[in-house]
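Undergrad: Below is one structure. I have some questions about it.
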Amino acid sequence: MDASANPEVNPDELFEHFRFTAAKGQEPLRVDKFLMNFIENATRNKIQQAAKQGHIWVNDAVVKQNYKVKAGDEVKVMFEHPPYEFLLTPEDIPLDIIYEDDTLLVVNKPAGMVVHPGHGNYSGTLINALVHHFENLPKNSSNRPGLVHRIDKDTSGLLVIAKTEEAMTHLAKQFFDKSSEREYMALVWGNVEEDEGTVEGHIGRNPKNRLQMTVFPEGDNGKEAITHYKVLERFGYVTMVSCKLETGRTHQIRVHMKHLGHTLFNDERYGGNKILKGTTFTKYKQFVENTFKILPRQALHAKTLGFEHPETGEFMKFDSELPEDMKSAIEKWSNYAKHNG
49 MDASANPEVN PDELFEHFRF TAAKGQEPLR VDKFLMNFIE NATRNKIQQA
99 AKQGHIWVND AVVKQNYKVK AGDEVKVMFE HPPYEFLLTP EDIPLDIIYE
149 DDTLLVVNKP AGMVVHPGHG NYSGTLINAL VHHFENLPKN SSNRPGLVHR
199 IDKDTSGLLV IAKTEEAMTH LAKQFFDKSS EREYMALVWG NVEEDEGTVE
249 GHIGRNPKNR LQMTVFPEGD NGKEAITHYK VLERFGYVTM VSCKLETGRT
299 HQIRVHMKHL GHTLFNDERY GGNKILKGTT FTKYKQFVEN TFKILPRQAL
349 HAKTLGFEHP ETGEFMKFDS ELPEDMKSAI EKWSNYAKHN G
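To convert, count from 1 in the sequence shown and add 48; that's the numbering used here.
Next up, the structure:
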């Protein structure tokens, strides 16, 4: 399934508009399910509410939520909630600040916190916290104060935030030039064969599922993406690896490790929340399900962050401990491997 998407924002009215054209091969599918496939964080309830308000159109005619979308249909939907740029509301949310000076700060983001407001996540984000604690943060091209880079909602770890326009420009250039250093810790399914290696594969939106990214052949769609990985410890059924980013694409480590055949442990979006390795006899199944509960997210932590300070020119490097949920899951797998190896 594929569709061309055209999200629209009209600053004169506080609504979100989305427009999609169903692909030639589109099988008949209820419009609510169609929209859920193509709009991230769009709940069935939100889509049903839009339908009740007459805010879903197919070929410019208002339709109900059970309308079956067909090939070539132009689907439009409007949601009442305003886009994030109108909702940068300061919120008194505590921040784990690793380092701060007059130019920048480094924060340790917990898993479960969205970095910036967007559809379905209008509060409780890192940006909401930042605009409460810091006034006059510089805005990037996407109107997100202080934000130089981001990590996924359910990924924990380090982010650098710019406090001045000069720092924003300098840091953004380092990320663009690949001179910053970013290392992640990940727990992946299976026994990674090579002790270390590099994954080079263009990453772009998955044409069959717009909520996923996927690897394309070199030079064919997507953007260049390079990940260097190294095995830290093997537990038979799962492996602990470090991943260094040379580029920073959406879901890069998650997609590249899946491409290698080693999906991140409990990565629901990419299938890592199923028992992928080992037998499914009751005891093992129960163990894995219990470990999912201990680590209810993808096993990924942005552990190390390095960059040149925009004012002093000094190369600064920061490190953060693995959060307790990942520590506990790794310890459980380590013990399981020792007794069931």
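Even glycine gets a Cβ: it sits at the ideal position worked out from N, Cα and C.
From a predicted model like this one, the values you see are computed outputs, not experimental measurements.
DSSP beta-bridge partners for Arg230?
TA: Taking the sequence shown and counting its residues from 1, one reaches residue 230 at position 182. Its beta-bridge partners are Leu353.
Undergrad: Cβ atoms of Asp80 and Gln101: under 8 Å apart, would you say?
TA: Translated into the one-based positions of the sequence shown, residue 101 becomes position 53. Translated into the one-based positions of the sequence shown, residue 80 becomes position 32. No, these two residues do not count as a Cβ contact at 8 Å.
Undergrad: Measuring alpha carbon to alpha carbon, tell me which of Pro344, Leu370 and Leu259 ends up nearest Met289.
TA: Residue 289 sits at position 241 when you count from the first residue of the sequence shown. For clarity, residue 289 is Val in the given sequence; the question names Met instead. From the listed residues Pro344, Leu370 and Leu259, the smallest Cα separation to Val289 is found for Leu370.
Undergrad: Does His218 come out as helix, strand or coil in the three-state DSSP assignment?
TA: By 1-based counting over the sequence shown, the position of residue 218 is 170. Three-state DSSP puts His218 in a helix.
Undergrad: Looking at the secondary structure, which residues open and close the alpha helix (DSSP H) in which Arg92 lies?
TA: To locate residue 92, count along the sequence shown from 1; it is residue 44. Run containing Arg92: Arg92 to Lys100, per the alpha helix (DSSP H) assignment.
Undergrad: Nearest-angstrom Cα distance between Asn156 and Tyr115?
TA: Here residue 156 corresponds to residue number 108 of the sequence shown, with the count starting at 1. Here residue 115 corresponds to residue number 67 of the sequence shown, with the count starting at 1. Going by the C-alpha atoms only, they are around 45 Å apart.
Undergrad: When the distance is taken between beta carbons, is Gly238 closer than 8 Å to Lys211?
TA: For the purposes of this step, residue 211 is taken as the residue at position 163 of the sequence shown. For the purposes of this step, residue 238 is taken as the residue at position 190 of the sequence shown. Going by C-beta atoms, Lys211 is not nearer than 8 Å to Gly238.
Undergrad: What are the uninterrupted segments assigned as beta strand (DSSP E) that are 3 or more residues long and contained completely in the region 130-165, given in chain order?
TA: 145-148 and 152-157
Undergrad: Could you compute how far the alpha carbon of Glu356 sits from the alpha carbon of Ser376?
TA: Within the sequence shown, numbered from 1, the residue matching residue 356 stands at position 308. Within the sequence shown, numbered from 1, the residue matching residue 376 stands at position 328. Each residue's Cα considered, the two are about 34 Å apart.
Undergrad: When the Cα of Asp149 is compared with those of Met364, Ala385 and Thr246, which residue comes out closest?
TA: Position 101 of the sequence shown, counted from the start, is the residue given in the question as residue 149. For the options Met364, Ala385 and Thr246, the alpha carbon positioned closest to that of Asp149 is the one of Met364.
Undergrad: Please report the distance separating the alpha-carbon of Glu272 from that of Met305.
TA: Counted from its first residue, the sequence shown places residue 272 at position 224. Counted from its first residue, the sequence shown places residue 305 at position 257. The straight-line gap from Cα to Cα measures roughly 16 Å.
Undergrad: Straight-line CA distance for Gln300 to Thr275?
TA: The count along the sequence shown starts at 1 and reaches residue 300 at position 252. The count along the sequence shown starts at 1 and reaches residue 275 at position 227. A direct Cα-Cα distance of roughly 8 Å separates Gln300 from Thr275.
Undergrad: Counting along the chain, where does the beta strand (DSSP E) carrying His47 start and finish?
TA: Outside the shown range of the chain, which is 49 to 389, sits residue 47, and nothing can be said about it.
Undergrad: So, are the CB atoms of Asn314 and Gln346 less than 8 Å apart?
TA: Counting from 1 along the sequence shown, the entry for residue 314 is found at position 266. Counting from 1 along the sequence shown, the entry for residue 346 is found at position 298. Yes, the pair counts as a contact, with Cβ atoms nearer than the cut-off.
Undergrad: Count the other C-beta atoms from every protein chain shown that fall within 10 angstroms of the C-beta of Asp373, then say buried if there are 16 or more, exposed otherwise.
TA: Start at 1 with the first residue of the sequence shown, and residue 373 comes out as number 325. So Asp373 ends up on the buried side.
Undergrad: Have a look at His250, Trp381 and Val110 and flag the residue whose alpha-carbon is nearest the alpha-carbon of Thr287.
TA: Counting from 1 along the sequence shown, the entry for residue 287 is found at position 239. Ranking His250, Trp381 and Val110 by Cα distance to Thr287 puts Trp381 first.
Undergrad: What distance in whole Å lies between the Cβ atoms of Val236 and Thr262, which are believed to be in contact at a cut-off of 8 Å?
TA: Translated into the one-based positions of the sequence shown, residue 262 becomes position 214. Translated into the one-based positions of the sequence shown, residue 236 becomes position 188. In this structure, Thr262 and Val236 do not form a Cβ contact; the two beta carbons are roughly 17 Å apart against a cut-off of 8 Å.
Undergrad: Given 8 Å as the limit, is there contact between the region 348-355 and the region 225-235, that is, 3 or more CB pairs closer than that?
TA: The region 348-355 is in contact with the region 225-235.
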